[in-house]
Amino acid sequence: MGSFCFDIASGLKTSYKISKKSLPQKKPHNIGEQLILPCCRMIILNVFSQSELSKLKHISLSNDTNNRQIAEISENILSQVVAKIKNSTFNFFSIQLDESTDIANMAQLYIFVRYIHNKSMEDNFLFCKSLHSKTTTKDILVKVDNFFHAHDINWEHCIGVCTDGTPVMLGCCSGFQTLIKQKALNALGTHCTIHRQDLMAKTLPDTLKNVLNDVIAVVNFIKAGALNSHLFAYLCRLNDADFETLLLVSHVRWLSKGKVLMQVLLLRNKINEFIQDLKSLLHCHEKISAFKMKLELWASKLQEKNFAPLPQLNKFIDENEFLVNDDKVEVMQNHICILREELSLYFLNLQNFEQVYCFMNFIAPFSISLADLPSEDITVQEQFIELLNDGAAKQIFCEMSCDFWIQVAQLYPDISKMALKYLVPFTTTYECELAFSALQSIKSKQRNRLDFTYDMRVALSRTQPNIDNLVKLKQIQQSH
Numbered sequence: 001m002g003s004f005c006f007d008i009a010s011g012l013k014t015s016y017k018i019s020k021k022s023l024p025q026k027k028p029h030n031i032g033e034q035l036i037l038p039c040c041r042m043i044i045l046n047v048f049s050q051s052e053l054s055k056l057k058h059i060s061l062s063n064d065t066n067n068r069q070i071a072e073i074s075e076n077i078l079s080q081v082v083a084k085i086k087n088s089t090f091n092f093f094s095i096q097l098d099e100s101t102d103i104a105n106m107a108q109l110y111i112f113v114r115y116i117h118n119k120s121m122e123d124n125f126l127f128c129k130s131l132h133s134k135t136t137t138k139d140i141l142v143k144v145d146n147f148f149h150a151h152d153i154n155w156e157h158c159i160g161v162c163t164d165g166t167p168v169m170l171g172c173c174s175g176f177q178t179l180i181k182q183k184a185l186n187a188l189g190t191h192c193t194i195h196r197q198d199l200m201a202k203t204l205p206d207t208l209k210n211v212l213n214d215v216i217a218v219v220n221f222i223k224a225g226a227l228n229s230h231l232f233a234y235l236c237r238l239n240d241a242d243f244e245t246l247l248l249v250s251h252v253r254w255l256s257k258g259k260v261l262m263q264v265l266l267l268r269n270k271i272n273e274f275i276q277d278l279k280s281l282l283h284c285h286e287k288i289s290a291f292k293m294k295l296e297l298w299a300s301k302l303q304e305k306n307f308a309p310l311p312q313l314n315k316f317i318d319e320n321e322f323l324v325n326d327d328k329v330e331v332m333q334n335h336i337c338i339l340r341e342e343l344s345l346y347f348l349n350l351q352n353f354e355q356v357y358c359f360m361n362f363i364a365p366f367s368i369s370l371a372d373l374p375s376e377d378i379t380v381q382e383q384f385i386e387l388l389n390d391g392a393a394k395q396i397f398c399e400m401s402c403d404f405w406i407q408v409a410q411l412y413p414d415i416s417k418m419a420l421k422y423l424v425p426f427t428t429t430y431e432c433e434l435a436f437s438a439l440q441s442i443k444s445k446q447r448n449r450l451d452f453t454y455d456m457r458v459a460l461s462r463t464q465p466n467i468d469n470l471v472k473l474k475q476i477q478q479s480h
């Protein structure tokens with residue numbers, strides 16, 4: 001009896017692990033009984049002995065079993081994530097959210113959460129909900145509020161909300177950002193910094209926009225038909241051109257042009273580094289400030305008719321001895337000025353960030369003076385003096401600068417709390433965009449009626465389920 005129960009428990013545990021393993025690969029639920037088990041039988045029969053084959057009967061991988069186990073794993077992960085949120089240092093947590101439409105034309109809301117666990121910051125999938133009626137700010141807030149209420153998550157501990165720039169979210173000035181601050185008074189609203197280049201297309205003056213539209217129309221005309229594409233390629237070959245094909249141009253993406261795919265391939269490591277760098281408001285502040293300063297530089301160069309900031313235009317002018325008149329220069333300058341104003345609107349909170357930025361500077365936190373401290377509180381100032389003279393703290397900073405304030409939170413709680421308010425909030429909705437990519441694989445044309453809520457959490461969560469506890473909850477009995 002003991003050996004039998006052990007085999008049952010081992011088979012059940014294996015079944016849970018296979019269910020968990022199949023989700024990150026975005027495989028259908030019936031892959032276990034249709035592919036995995038038959039392959040296991042074939043391996044045992046060909047490599048081992050037929051006597052071992054009997055152990056496979058304790059591993060259930062049917063479609064219904066897989067569905068049930070994925071739901072149980074998802075709930076187990078959720079309970080762990082909620083517990084981590086509630087036990088976060090200073091109870092701080094922040095969220096990023098975005099909404100998009102799936103293959104069935106259903107609007108989906110994705111939310112990720114960041115909290116402090118085991119003395120380091122951890123990002124995790126929180127939930128994905130369908131928006132069955134409208135996608136207004138109130139509908140989104142109701143979904144989030146209902147989830148927080150159901151799991152007893154306190155809005156007061158939310159110190160950051162990151163959204164994109166859609167009309168529903170509308171940056172930091174109105175929309176969801178404004179509504180959520182009525183519940184989370186301490187929340188710092190941030191706008192996703194990944195797509196700041198899209199502002200170029202949104203702020204394009206009519207003169208330049210008409211030129212861009214003409215180019216798009218020509219390219220799409222060539223690409224629209226097979227005959228046009230073949231004739232264009234033949235013409236390019238006759239003239240020994242470097243390229244023979246054109247990429248279709250998207251009206252949505254500013255960076256949709258011929259060399260983009262090659263640039264992404266060549267710069268993939270830099271792109272990954274850039275995404276990783278945008279993990280705190282400090283890095284966000286640096287990137288946006290640098291971009292705004294570059295815009296000022298470009299505007300001044302254009303005023304001198306120096307087109308070095310626009311390399312393609314500069315090359316065209318040099319090769320063709322083309323003269324750019326003052327009207328065209330003025331259009332370019334106006335475009336840059338409008339873009340700079342748009343950046344200020346989208347990243348409004350960063351304008352009031354200078355003083356805190358000086359205090360929390362990662363590069364030299366121990367080299368600033370007491371006068372730079374953005375607080376008149378005597379307790380904070382005294383802790384700051386103690387920190388400056390703490391050799392062990394300096395060593396900790398040298399070893400782990402990113403998690404420095406978490407490591408010293410117990411020794412210097414007031415200063416750390418001040419710093420973490422600006423470190424915990426998200427600066428991008430990158431995780432939500434990854435979730436949308438995962439949804440396209442999980443909820444495909446063949447599985448467009450799938451209830452994917454549990455699947456998404458198991459596929460995207462960084463928290464591992466406690467499978468041993470799930471097995472213990474099952475009552476293992478010998479069949480009669």
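Those letters in the sequence shown? Residues 1 to 480, per the UniProt record's numbering, in order. C-beta atoms are modelled at their ideal positions from N, C-alpha and C, and glycine is treated no differently.
For A83, there is no enclosing beta strand (DSSP E); the enclosing alpha helix (DSSP H) covers residues 63-86. The DSSP-derived three-state label of Q108 is strand. Nearest to D102 by C-alpha distance, out of E75, H132, Y422, is H132. 8 Å or more divides the Cβ of L460 from the Cβ of E72. Judged by DSSP in its simplified three-state form, I116 adopts strand. With respect to Q440, D414 sits apart: the two C-beta atoms are not nearer than 8 Å. Annotation: the continuous beta strand (DSSP E) that includes S100 extends over 93-101.
Rounded to the nearest whole angstrom, the C-alpha separation of I338 and K181 is 28 Å.
Annotated three-state conformation of N124 is strand, per DSSP.
It is roughly 13 Å from the alpha-carbon of D326 to the alpha-carbon of K301. The C-beta distance from C432 to Q96 rounds to 6 Å, short enough to meet the 8 Å contact threshold. Note that the C-beta distance between L61 and I18 is below 8 Å. With respect to C192, T14 sits apart: the two C-beta atoms are not nearer than 8 Å. Residue pairing of K21 in beta bridges, as defined by DSSP: absent, with no partner found. Assignment of beta-bridge partners to K129 by DSSP yields L109.
Put simply, the backbone Cα of N105 is about 37 Å away from that of K421. Remark: fewer than three beta-carbon pairs, one from each stretch, lie closer than 8 Å, so the region 80-89 and the region 31-44 are not flagged as touching. For H191, the secondary structure class from DSSP, reduced to helix, strand or coil, is strand. Burial is judged here by how many other beta carbons sit within 10 angstroms of a residue's own beta carbon; E399 has fewer than 16 and is exposed.
E341 sits exposed, since fewer than 16 C-beta atoms from the chains shown fall within 10 Å of its C-beta. Assigned with DSSP and collapsed to three states, T137 falls in helix. By the neighbour-count criterion, in which a residue is buried when 16 or more other Cβ atoms sit within 10 angstroms of its Cβ, A392 is exposed. Annotation: the continuous beta strand (DSSP E) that includes T163 extends over 158-163.
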